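*Asks:*
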Amino acid sequence: MKKLKKILLIALAAVLALVIGFFVFLMIPRHAENPAQAAASTEAVAVSAMGDDYFFDGPGEDALLIFYPGAPVDALAYGPLLKKIAAGGIDCYAVQMPMNMAILGQDRADDIISRMPYSRYLIGGHSMGGLAAAGYAGKHPDQVSGVVLLAAYPGNEVTQPVLSVYGTEDGVLNPGRLEKGRGLVRDAYEEHCIPGANHANFGNYGTQFRDGTAAISADEQQQITADYILGMFR
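Quick note: the sequence shown uses the working numbering, first residue -17, plus one each step.
1) Going by DSSP, what residue range makes up the beta strand (DSSP E) through L47?
2) Could you name the residues that DSSP lists as bridge partners for I105?
3) Tell whether a beta-carbon distance below 8 Å holds between L58 and A26.
4) Taking N183 and Q203 to be in contact with their CB atoms under 8 Å, please state how far apart those CB atoms are, rounded to whole angstroms.
5) Helix or strand or just coil, what does DSSP make of F191?
6) Are there 16 or more other CB atoms within 10 angstroms of the CB of G128, so buried, or fewer, so exposed?
7) Is there contact here, the stretch 100 to 120 with the stretch 38 to 50, by at least three beta-carbon pairs under 8 Å?
8) Mapping DSSP to helix, strand and coil, what is I206?
9) May I ask you to verify whether the stretch 188 to 195 touches the stretch 153 to 173, counting CB pairs closer than 8 Å and requiring at least 3?
10) Locate the beta strand (DSSP E) running through I176, then write down its first and last residues.
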């Protein structure tokens, strides 16, 4: 009996070590594949580091999109996408989250809104970042004009217009939670599924565990996404 108990304890310890190792692996920070390029200004968009955050200042003067990264992704990894949006007329602010986890910094938008004067504030994010952004929008219906969800869904009631964008090759997004999230939107809801797009290519941080293989380039996926965002909220 003692020998069996010892074997069971060893087996349990091994399983726990594997589980902990698996979650540590998932939480390894994912950085921009080409940070210098992601942070570089263009003719249309001036990129500025704001502490650990990044501001993408394009020709627009009315609206600011506050963007929450997916977990555990660095904010700068979304630079290529946000430059496309800013160039089209909606300035963007990429938020660096505590421990790269948006759920730990859901209220980061408070400080940004208080010091960035715009007529309209949109909030959005990718994956977990979208979930956290929807959570912020739900608590601030008078401050946020619209919500952008990239491969994400709300976990609470949202009274602002919502744009949802995801891809046919996404192996991470939970379809059941996506369906449930549709029922939590109380205003206009626009949804687009991009053929050939996957989960990771909304950013530029490499491949992602369990994700599908994209049939289009990250640049194409991001341009289509930017066009949808500009089409609904510009």
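No residue lacks a Cβ here, since even glycine has one placed at the ideal position from N, Cα and C.
Given the structure is predicted, the values throughout are model-derived calculations rather than measurements.
*Replies:* In this structure, then:
1) Note, L47: beta strand (DSSP E), 45 to 50.
2) Note: I105 sits in a beta bridge opposite I48, V129.
3) No. Outside cutoff.
4) With a contact defined as Cβ atoms closer than 8 Å, N183 and Q203 qualify at about 5 Å.
5) Per DSSP, reduced to three states, the secondary structure at F191 is coil, with no helix or strand assignment.
6) Around the beta carbon of G128, 16 or more other beta carbons sit within 10 angstroms, so the residue counts as buried.
7) Result yes; three or more Cβ-Cβ pairs closer than 8 Å.
8) Helix at I206.
9) In the pairwise beta carbon analysis, the stretch 188 to 195 is classified as touching the stretch 153 to 173: at least three pairs are separated by under 8 Å.
10) Residues 171 to 176.
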